[in-house]
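Take a look at the structure below.
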Amino acid sequence: MPTYSFACTSCGHRFDAVMSIHDSATPVCPECGSEVRKVFGSVGVTFKGSGFYRTDSREKPAKASSSSSGSSGSSD
Numbered sequence: 021m022p023t024y025s026f027a028c029t030s031c032g033h034r035f036d037a038v039m040s041i042h043d044s045a046t047p048v049c050p051e052c053g054s055e056v057r058k059v060f061g062s063v064g065v066t067f068k069g070s071g072f073y074r075t076d077s078r079e080k081p082a083k084a085s086s087s088s089s090g091s092s093g094s095s096d
């Protein structure tokens, strides 16, 4: 069963509770008995493999061929 973090809306007490996903009852603060809210933490995400970066799906740009059909700039 997952562990959820809660914080009291009245006194600010923080605590963890082991609850089933199917439990509909929200716990109350063990210090003052008031309503609590869930505290969400940051989740570490690691992207592995190809397809996650901007450069993975781009085609490589075609090199522009510089065909100069003129003279080199000196006129006689």
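First residue of the sequence shown? That's 21 in the numbering used here, and the numbers climb one at a time after it. Glycine included, each C-beta is placed from N, C-alpha and C at the ideal position.
Between which two residues does the beta strand (DSSP E) harbouring residue i extend?
i   : result
S25 : T23 to C28
V63 : It is not in any beta strand (DSSP E) - V63 carries neither H nor E in the DSSP assignment.
If the criterion is Cβ atoms closer than 8 Å, does the pair residue i and residue j meet it?
i   : j   : result
E55 : H33 : no
S25 : G61 : yes
S40 : M21 : yes
Leaving out the 5 sequence neighbours to the left and right, which residues in its chain are closer than 7 Å to residue i when beta-carbon positions are compared?
i   : result
T29 : S54, E55, V56 and R57
F35 : F26 and P50
Can you give me the Cβ contacts of residue i inside the same chain, cut-off strictly under 6 Å, excluding the 5 residues immediately before and after it?
i   : result
T23 : D36 and V38
What residues are listed by DSSP as bridge partners for residue i?
i   : result
V48 : E55
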